[in-house]
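The listed protein sequences correspond, in order, to chains A and B. So in the working numbering, the last one in the first sequence is 332, and the numbering has no gaps at all. So in the working numbering, the last one in the second sequence is 664, and the numbering has no gaps at all. This report refers to the structure that appears directly beneath it.
There are 2 protein chains.
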Amino acid sequence: MNRPTLEAVAARAGVGRGTVSRVINGSPNVSAKAREAVQEAIAELGYVPNRAARTLVTRRTDTVALVVSESELRVFDEPYFAGTIRGIGSALAETGLQLILAMAQSPSEHDRLEHYLTGQHVDGVLLLSLHGADPLPGRLEAMGVPTVLGGRPVGLDAYSYVDMDNRGGARQAVKHLLAQGRAHIATIAGPQDMGVGVDRLAGYRDALLASRAEELVAYGDFSEESGAAAMRALLAASPGLDAVFAASDLMAVGALRVLKESGRSVPGDVALVGFEDSKAAAHTDPPLTTVHQPTEAMGRQMAQLLVARIHGEELRQPVVILDTHLVLRASA
Amino acid sequence: MNRPTLEAVAARAGVGRGTVSRVINGSPNVSAKAREAVQEAIAELGYVPNRAARTLVTRRTDTVALVVSESELRVFDEPYFAGTIRGIGSALAETGLQLILAMAQSPSEHDRLEHYLTGQHVDGVLLLSLHGADPLPGRLEAMGVPTVLGGRPVGLDAYSYVDMDNRGGARQAVKHLLAQGRAHIATIAGPQDMGVGVDRLAGYRDALLASRAEELVAYGDFSEESGAAAMRALLAASPGLDAVFAASDLMAVGALRVLKESGRSVPGDVALVGFEDSKAAAHTDPPLTTVHQPTEAMGRQMAQLLVARIHGEELRQPVVILDTHLVLRASA
DNA sequence: ACTCTGCATGGGAGCGCTCCCATATCCCTC
DNA sequence: GAGGGATATGGGAGCGCTCCCATGCAGAGT
């Protein structure tokens with residue numbers, strides 16, 4: 001049951017420990033003959049390097065953490081999460097780095113987590129869409145732990161992050177509504193302590209400003225119920241509205257329900273656009289026109305930036321914004 | 333920037349290395365005075381044990397892997413995944429174990445993964461709903477790596493797994509349809525190389541057998557499209573059917589679409605029941621009656637079983653089946 | 001007073017690896 | 001043919017920890 005060690009491989013190959021180590025780590029200064037002998041011995045013995053021993057001396061852990069904060073957990077089943085994690089996984093697989101999933105489910109665990117992350121257990125950290133001015137990324141960077149955020153943070157300036165072009169996507173969506181001749185376009189905005197919330201609202205305003213239409217805003221928290229509530233508020237305030245841009249598909253779903261209940265037809269009376277291009281969007285009645293976001297690409301990009309930083313490279317472009325585009329379905 | 337070591341703590345506290353180690357690991361054989369001095373020194377220096385050094389000597393990694401196989405990746409955004417992972421996370425957080433997320437995205441990576449998992453990098457492995465007779469769990473156990481599966485495996489006997497009562501849930505769903513006076517009940521079954529697929533079909537048959545009704549089966553792969561295709565096949569074969577039990581919500585969604593397209597009303601002409609109680613189920617029109625499964629509990633349970641095995645405990649009950657129950661909405 | 005038991009303690013050995021230095025080997029140049 | 005520079009190689013030291021053994025010391029028993 002005992003795993004072979006470096007020494008065993010060296011003995012088998014008839015070389016010294018150093019040479020085996022060089023072969024494993026891809027040093028060029030090894031003769032072809034020695035390299036071959038070593039590789040053969042490795043294969044024969046089924047040798048696998050002991051990560052702990054290596055970490056102990058190199059101080060690299062070859063591990064990065066994906067931190068999912070408490071608030072995020074609720075949103076766990078949002079479609080963008082699945083895509084992002086898949087992207088992270090595939091980018092990381094190419095580098096041999098391991099991904100550990102760190103979830104802080106309570107404030108006390110949040111401390112434990114910070115301790116863990118700064119305690120040389122990981123080479124870098126990926127943080128997904130945090131709320132408000134979370135001090136974590138700043139502290140990690142201060143302790144020398146490279147960090148890359150998913151989603152533009154609001155209230156702090158992070159060195160490196162990857163985000164969707166939320167503003168551009170929203171602008172496009174609202175322009176589409178305008179182009180269809182809609183005159184009273186409302187928006188159901190997301191929480192304003194998150195970049196996504198702020199940016200999608202900004203995009204809405206961009207488009208309206210260009211056309212000098214009046215703005216009409218209600219806020220939700222990305223949940224369906226909040227979308228329904230916001231829709232009710234909007235209808236009460238402006239019964240004559242003829243279009244709604246919701247900052248998330250889920251909120252759009254809630255809004256759709258309320259619109260129907262109020263006897264309005266979609267898109268006949270009111271056109272509706274969501275954001276996310278989630279699976280749910282394709283299944284509503286009518287199917288939802290929405291803004292597509294490249295979640296998997298975002299994950300890949302985050303991982304790539306982090307890996308570069310871990311390798312000590314200077315990032316040419318520490319902030320990456322990915323394109324979004326409108327997906328036309330029946331609701332607008 | 334240099335982290336303090338055990339030795340530094342010992343010096344500060346005026347004791348030997350051994351005593352500090354004993355304090356950290358909770359050995360009872362330490363005088364109150366020494367313990368106090370050590371704890372003070374630890375706090376003052378902000379000492380955090382080096383995991384790699386500890387792993388090197390103990391051969392414990394305090395890490396477990398959650399393996400998500402290639403085929404699983406597609407299903408990543410299925411709601412049960414989010415719930416399960418949350419349950420695993422919360423159960424693990426209580427034990428101090430770390431969760432690493434291992435995804436095999438291609439067959440070649442599958443080998444690499446197996447190598448990794450058996451190469452003393454993790455203390456145990458959690459495997460989520462595998463297809464067919466995957467050799468991985470057997471190999472892991474053979475190498476002495478404790479393994480717990482999520483979902484009953486088909487074609488191999490695993491020592492320990494956690495599953496939902498898929499058969500019971502399906503039986504309940506179909507009985508409900510029978511109780512409503514439905515006489516021609518079809519099912520859209522899942523893939524028969526997965527426990528969920530087999531068991532939900534078995535439950536359907538249980539219920540039909542009791543009532544001596546005729547069975548009517550089509551197969552899908554849990555995707556919406558496959559559900560739609562199966563529904564078309566069923567309608568072609570038996571235009572007079574008046575109820576459908578789909579083995580997943582997503583397939584039910586596909587079936588619902590086809591039923592509507594064929595001019596049938598739901599639940600008027602055809603009653604429809606899904607399985608999973610996913611978010612999507614609540615948003616269809618009409619909302620889907622479905623079988624609820626306790627995903628988070630499943631995750632917790634899996635983690636708990638694994639932890640017990642890692643601690644070398646004999647499992648009183650290595651197989652755990654969790655209850656499911658019917659959620660009545662409008663579609664049946 | 002002396003031995004014996006039992007617990008607290010210090011510190012050597014060693015986990016498996018990388019780093020680096022000293023040494024061996026080779027080939028080229030004059 | 002001798003000297004010099006490169007390149008390949010072996011192996012000691014040491015990363016920070018746990019394990020365990022030897023030692024110290026107090027209190028109990030005779």
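By construction, the Cβ of each residue, glycine as well, lies at the ideal position given by its N, Cα and C atoms.
Q: Compute the Euclidean distance between the alpha carbons of R344(B) and A434(B), then round it to the nearest angstrom.
A: Taking the straight line from one Cα to the other gives about 41 Å.
Q) Is any beta-carbon of chain A found at less than 7 Å from that of V585(B)? A) Judged by the 7 Å Cβ criterion, V585(B) is in contact with chain A.
Q: For my contact list, T187(A) and H615(B) are in at a C-beta cut-off of 8 Å; report their separation, rounded to the angstrom.
A: Actually they are not in contact, since the Cβ atoms of T187(A) and H615(B) sit about 21 Å apart, beyond 8 Å.
(Q) Buried or exposed, going by whether 16 or more other CB atoms sit within 10 Å of the CB of T513(B)? (A) With the sequence shown as reference, residue 513(B) is identified as Gly, and Thr is not the correct amino acid for it. G513(B) is classed as exposed because its beta carbon has fewer than 16 other beta carbons within 10 Å across all chains shown.
**Q.** For E7(A): DSSP bridge partner residues
**A.** Answer is none; E7(A) lacks a bridge partner.
Q: For L533(B), return the contacting residues in chain A, with the cut-off set at a CB-CB distance below 9 Å.
A: Residues of chain A passing the Cβ test: none, with the nearest at roughly 25 Å.
Q) Rounded to the nearest angstrom, how far is the Cβ of T55(A) from that of A384(B), given a contact under 8 Å? A) About 4 Å separates the CB atoms of T55(A) and A384(B); that is less than 8 Å, so the two are in contact.
Q: Can you give me, in chain order, the residues of the region 110-140 of chain A that have a beta carbon less than 7 Å from any beta carbon in chain B?
A: Within the region 110-140 of chain A, the residues whose Cβ lies closer than 7 Å to some Cβ of chain B are H115, G119, Q120 and H121, listed in chain order.
Q | Assigned exposure category for S106(A) - 16 Cβ within 10 Å defines buried | A | Around the beta carbon of S106(A), fewer than 16 other beta carbons lie within 10 angstroms, which makes this residue exposed.
Q | Span of the beta strand (DSSP E) around Q430(B) | A | Q430 to M435 is the span of the beta strand (DSSP E), which, as asked, contains Q430(B).
**Q.** E44(A) burial status per 10 Å Cβ neighbour count (16 or more: buried)
**A.** Burial state of E44(A) is exposed, judged by a 10 Å Cβ sphere holding fewer than 16 other Cβ atoms.
(Q) Counting only beta-carbon separations shorter than 7 Å, does H283(A) have a partner in chain B? (A) Yes, H283(A) lies at the interface with chain B (some Cβ there is under 7 Å from its Cβ).
(Q) I want to verify the contact list: residues of chain A whose CB lies under 9 Å from the CB of V380(B), in sequence order. (A) Result: H115, Y116, T118, G119, Q120 and H121.
**Q.** Closer than 7 Å to chain A by CB, R383(B)
**A.** Judged by the 7 Å Cβ criterion, R383(B) is in contact with chain A.
Q. Since D538(B) and G464(B) are thought to touch, with beta carbons under 8 Å apart, how far apart are those beta carbons, to the nearest angstrom?
A. Not confirmed; about 24 Å, so no contact.
Q) For V253(A), which beta-bridge partners are listed by DSSP? A) Assignment of beta-bridge partners to V253(A) by DSSP yields no partner.
**Q.** Opening and closing residue of the alpha helix (DSSP H) in which T61(A) lies
**A.** T61(A) -> no alpha helix (DSSP H), and no H or E assigned at all.
Q: Check whether the Cβ of G89(A) lies closer than 7 Å to any Cβ atom in chain B.
A: It does; some Cβ of chain B falls within 7 Å.
Q.
Measuring straight from C-alpha to C-alpha, what distance separates S597(B) and R532(B)?
A. If you take the alpha carbons of S597(B) and R532(B), they lie about 25 Å apart.
Q: Evaluate contact between the region 623-634 of chain B and the region 601-608 of chain B, counting only Cβ atoms and requiring at least three cross-stretch pairs below 8 Å.
A: Two segments are said to touch when three or more pairs of C-beta atoms, one from each, lie closer than 8 Å; by this definition the region 623-634 of chain B touches the region 601-608 of chain B.
Q) According to a CB-to-CB cut-off of less than 7 Å, which residues of the region 302-331 of chain A neighbour chain B? A) For the region 302-331 of chain A, the set of positions with a beta-carbon nearer than 7 Å to some beta-carbon of chain B is empty.
Q: Look up A364(B) in the DSSP assignment and say whether it is helix, strand or coil.
A: Assignment of A364(B) by DSSP, reduced to helix, strand and coil, places it in the helix class.
Q: Using DSSP bridges, identify the partner residues of H657(B).
A: Per DSSP, H624(B).
Q. Are three or more beta carbon pairs between the region 628-642 of chain B and the region 588-602 of chain B nearer than 8 Å?
A. In short, these stretches do not touch, since the Cβ pair count stays below three.
Q. At which residues does the alpha helix (DSSP H) containing G138(A) begin and terminate?
A. Segment L136 to A142, the alpha helix (DSSP H) holding G138(A).
Q.
By DSSP's criteria, Y551(B) is part of a beta bridge. Which residues make up the other side?
A. Answer is A521(B).
Q: Please check if any C-beta of chain B sits within less than 7 Å of the C-beta of T55(A).
A: Using a CB distance cut-off of 7 Å, T55(A) counts as an interface residue toward chain B.
Q. With 16 other CB atoms within 10 Å as the buried threshold, where does R167(A) fall?
A. Its Cβ being crowded by 16 or more others within 10 Å, R167(A) is buried.
Q. Among Q39(A), K33(A), Y47(A) and T19(A), which has the Cα closest to the Cα of T5(A)?
A. Residue nearest to T5(A) within the set Q39(A), K33(A), Y47(A) and T19(A) is Y47(A) (criterion: CA-CA distance).
Q: Look at the alpha carbon of R60(A) and the alpha carbon of D111(A), and state the distance between them as a whole number of angstroms.
A: Approximately 23 Å between the Cα atoms of the pair.
(Q) Please state the DSSP three-state secondary structure of D617(B). (A) In the structure shown, the three-state DSSP call for D617(B) is coil.
(Q) On the DSSP bridge list, what partners appear for E276(A)? (A) Its beta-bridge partners are H292(A).
Q) Out of curiosity, what's the CA-to-CA distance linking A228(A) and A91(A)? A) Answer to the nearest angstrom: the Cα atoms are 38 Å apart.
Q: Determine the DSSP secondary structure at G133(A), reduced to helix, strand or coil.
A: At residue 133(A) the sequence reads Ala, which differs from the Gly that was named. Under the three-state reduction of DSSP output, A133(A) falls in the coil class, being neither helix nor strand.
Q) So who's on the other strand from T147(A), going by DSSP bridges? A) According to DSSP, T147(A) bridges with V125(A).
Q: Compute the distance between the beta-carbons of S174(A) and V125(A), then report whether it is under 7 Å.
A: It should be pointed out that residue 174(A) corresponds to Val in this sequence rather than to Ser. Against a cut-off of 7 Å, the Cβ pair of V125(A) and V174(A) comes out as no contact.
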